[in-house]
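Peer 1: Quick note on my numbering: the sequence shown kicks off at 51 and runs consecutively. Note that CB positions come from ideal geometry on N, CA and C, so glycine has one too. Note that the structure is a prediction, hence the values are computed from the model and not measured. Here it is, the structure, as structure tokens.
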Amino acid sequence: MNTKITVIAFLATWILCGTGCNNKQKVETDTPGNGSISISVDESFKPIIDEQIKMYEATWPNAKINVQYKPEADCLKDLIRDTATRMVIVTRGLNEKEEKYLTDTLSYRPKWDGVATDAIAVIVPVSSNDTLFTVEDLRNRLTGKSSNRSTIILDGLSATSTVRFARDSILQGNMPFDSSMVRAVKSSSEVIDYVASTPGSIGMVGISWIGNPEDSAQVKLLKKVKIAYLRCDRCAGTPYVKPTQASIMEKRYPLVRALYYILKENYNGLGSGFTAFLQFERGQLIFRRAYLAPGKIGFGIRHVKINEKLRKD
51 MNTKITVIAF LATWILCGTG CNNKQKVETD TPGNGSISIS VDESFKPIID
101 EQIKMYEATW PNAKINVQYK PEADCLKDLI RDTATRMVIV TRGLNEKEEK
151 YLTDTLSYRP KWDGVATDAI AVIVPVSSND TLFTVEDLRN RLTGKSSNRS
201 TIILDGLSAT STVRFARDSI LQGNMPFDSS MVRAVKSSSE VIDYVASTPG
251 SIGMVGISWI GNPEDSAQVK LLKKVKIAYL RCDRCAGTPY VKPTQASIME
301 KRYPLVRALY YILKENYNGL GSGFTAFLQF ERGQLIFRRA YLAPGKIGFG
351 IRHVKINEKL RKD
């Protein structure tokens, strides 16, 4: 009798598992073309990353990339502290300490690489005649050593990539800002608005906010402010150059910086799909169309000399 009861109980369990267990829904994970992830992006790259996400989601309608634009330091905090943040896009890769911490925490090494190069544009009011600068001149203005007392406007006094670039590359990391010469606003768009409405001011913003002549919104901004020239000390004759795509690619413009992704993903998910998009042809062409320098696909630069006689009418 006990044996019969045992067999009946086993069969009942097997039947219930065969029906009920199979009805359990499998947990879906994201793929390159499906699902949703959250990323944090340096605010100074908002125009170009908005365009990249727009095109990626148009290609993969079932994919959703939820983006938050923040100062660079906050993006890196999200990467380390926020498990929901899958990826960040900033102006530097991981240092050794950060990479070790994330590898130990995640049990795999995060992926990171450069995808493009942009520049810090120096902007002045459209009425200004002060449009020629050197890096030394900017350094003296930022530290209060210049006789010219024009206020320099940054997108914050700490935590942003523009501020870090000014400290590390212009001030070479060993001089403080002069608080009477440097003023902070909250974002790149506020830098542009402030300079447009304040005679004598000087602003510093990422070129993707104002350097695309095919973007009608940016063309309108150039009726309020203008982009200044910086001296190219490495060029023959030390000419003054604007942050154009060619001068960024050839590094003739002195204030250039790289754009990196850092990804927390050890499988072929949506984050991997988006980073592949940024690195390969379509994403690189979008960087090119936005007048940044693509970092993965080489585009040739041809130097031409036009020697055309003017017609006498």
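1. Looking at the structure shown, is aspartate 124 part of a helix, part of a strand, or coil, going by DSSP?
2. Under the assumption that isoleucine 170 contacts glycine 256 (Cβ atoms under 8 Å), give the Cβ distance between them as a whole number of angstroms.
3. Measure the C-alpha to C-alpha separation of threonine 325 and aspartate 205 and round it to an integer number of angstroms.
4. Should serine 247 and serine 200 be called a contact, given that it needs their Cβ atoms to be closer than 8 Å?
5. Just curious, the alpha helix (DSSP H) that glycine 333 is in, first and last residue?
6. Is it right to say serine 230 is buried, meaning 16 or more other beta carbons lie within 10 angstroms of its own, or is it exposed?
7. Do cysteine 282 and proline 304 have their beta-carbon atoms positioned less than 8 Å apart in this structure?
8. How should lysine 276 be labelled, buried or exposed, when 16 other C-beta atoms within 10 angstroms of its C-beta is the threshold for buried?
9. I believe serine 90 touches valine 165 by the beta-carbon criterion, under 8 Å. Please report the beta-carbon distance rounded to the nearest angstrom.
10. Go ahead and pull the three-state DSSP assignment for lysine 147.
11. Considering only their Cβ atoms, is the gap separating valine 232 from leucine 192 smaller than 8 Å?
12. Measure the C-alpha to C-alpha separation of arginine 159 and valine 185 and round it to an integer number of angstroms.
13. Could you tell me the boundaries of the alpha helix (DSSP H) in which threonine 212 lies?
14. Hey, valine 245 and isoleucine 203 are a contact pair by Cβ (cut 8 Å); roughly how many whole angstroms apart?
15. Could you pull the start and end residues of the beta strand (DSSP E) that arginine 159 belongs to?
Peer 2: Straight from the coordinates:
1. The answer is helix: DSSP assigns aspartate 124 an H, G or I state.
2. Their Cβ separation, rounded to whole angstroms, is 7 Å, which keeps isoleucine 170 and glycine 256 in contact under 8 Å.
3. Rounded to whole angstroms, threonine 325 and aspartate 205 show a C-alpha spacing of 27 Å.
4. Not in contact: serine 247 and serine 200 (Cβ atoms no closer than 8 Å).
5. For glycine 333, the enclosing alpha helix (DSSP H) begins and ends at 331–339.
6. With fewer than 16 Cβ atoms within 10 Å of its Cβ, serine 230 is classed as exposed.
7. In contact: proline 304 and cysteine 282 (Cβ atoms closer than 8 Å).
8. A buried status is given to lysine 276, since no fewer than 16 other beta-carbon atoms sit within 10 Å of its beta-carbon.
9. The Cβ separation is near 16 Å, so there is no contact.
10. Three-state result, lysine 147: helix.
11. Yes, Cβ-Cβ distance for leucine 192 and valine 232 is below 8 Å.
12. Distance between the alpha carbons of arginine 159 and valine 185: 38 Å.
13. Counting along the chain, the unbroken alpha helix (DSSP H) around threonine 212 starts and ends at 211–215.
14. Between isoleucine 203 and valine 245 the Cβ distance is about 6 Å, and since that is below 8 Å, they are a contact.
15. That residue, arginine 159, is in no beta strand (DSSP E); it is neither H nor E in DSSP.
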